[in-house]
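For the sequence shown, the residue numbers in the working numbering are -1 to 214.
We treat Cβ as the ideally placed atom computed from N, Cα and C, and that holds for glycine.
All of these numbers come straight from a predicted model, not from anything done at the bench.
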Amino acid sequence: MKYVYIYCEGQTEEGFINNILKPYFKQMGIYIIPIIHKTKRTATMSYRGGVSKYSDIRRELDILCQNPNIIVTTMFDYYQMPTDTPEINCNEPDIYRRMEIIEDVINQDIGHSNLMFNLMLHEFETLLFSEPQAFKFIARDNIVNAIQKIRDEFPTPEHINNSLETAPSKRILHLIPNYSKTRQGVLIAKKIGITQMLAECKHFAAWIEKIKNVCV
-1 MKYVYIYCEG QTEEGFINNI LKPYFKQMGI YIIPIIHKTK RTATMSYRGG VSKYSDIRRE
59 LDILCQNPNI IVTTMFDYYQ MPTDTPEINC NEPDIYRRME IIEDVINQDI GHSNLMFNLM
119 LHEFETLLFS EPQAFKFIAR DNIVNAIQKI RDEFPTPEHI NNSLETAPSK RILHLIPNYS
179 KTRQGVLIAK KIGITQMLAE CKHFAAWIEK IKNVCV
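Below, the structure is given as structure tokens:
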């Protein structure tokens, strides 16, 4: 059994990892363990979720990578990464090449051979646009059609974002004000299934393939 830590941003990502990624990889003999980012530590408590400083991410990843027998990767939203993240202002027009540049620089900055830094383009909710019809169990047909219309305006779900106000989750919340990331988001992801997400989301699929290859 190969072990992989996925260091992630919050409870939504943890739920996605436990419900979709863990079963998918388990059948390959790869055991996935989600670890939520620690925003603060005291002598008696630690606080989880949210990202404020790259240095905090760097420190936690340095700790997680100390065991060379465990692969460490990440699941952080690209559009919400701290401004002090290396190369985060890269303006390479090809978003896939841009992710490669940023991730490579971060891997070099942290400096552990068992680390594969990964950014979600542009966040977890991107994956839900892989199949807008999956929203039917929480929304009326006119809302589902509106979500489908958004998807159809972009080459892929991973291209859906052109400002902080138009991230995939913001678009969903505009149409479904009571949308819950941690509960409904993960349920929708389960309904869609990882096969459809891999087919629609190139960067996500490349990340999954990297995990497979490094665990061979």
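May I have the straight-line CA-CA distance separating residue i from residue j, to the nearest angstrom?
{"i": "valine 214", "j": "valine 2", "result": "12 Å"}
{"i": "leucine 196", "j": "alanine 203", "result": "5 Å"}
{"i": "glycine 8", "j": "valine 49", "result": "9 Å"}
{"i": "threonine 42", "j": "isoleucine 55", "result": "With a pLDDT of 35 at threonine 42, under the threshold of 50, the modelled position of that residue is not reliable, and the figure given next carries that caveat. Each residue's alpha carbon lies about 20 Å from the other."}
{"i": "valine 70", "j": "phenylalanine 23", "result": "15 Å"}
{"i": "serine 167", "j": "glycine 109", "result": "32 Å"}
{"i": "serine 53", "j": "aspartate 139", "result": "44 Å"}
{"i": "isoleucine 4", "j": "phenylalanine 14", "result": "11 Å"}
{"i": "proline 32", "j": "asparagine 143", "result": "34 Å"}
{"i": "valine 103", "j": "glutamate 85", "result": "7 Å"}
{"i": "glutamine 194", "j": "glutamate 129", "result": "7 Å"}
Where does residue i sit, in a helix, a strand or coil, going by DSSP?
{"i": "proline 32", "result": "strand"}
{"i": "tyrosine 177", "result": "coil"}
{"i": "methionine 79", "result": "coil"}
{"i": "methionine 26", "result": "coil"}
{"i": "leucine 125", "result": "helix"}
{"i": "leucine 117", "result": "strand"}
Output the boundary residues of the beta strand (DSSP E) element that contains residue i.
{"i": "threonine 71", "result": "69 to 75"}
{"i": "valine 264", "result": "Coverage of the chain is limited to positions -1 through 214, which leaves residue 264 absent and any answer about it impossible."}
Which first and last residues belong to the alpha helix (DSSP H) in which residue i is found?
{"i": "lysine 189", "result": "184 to 190"}
{"i": "isoleucine 148", "result": "139 to 150"}
{"i": "alanine 204", "result": "200 to 212"}
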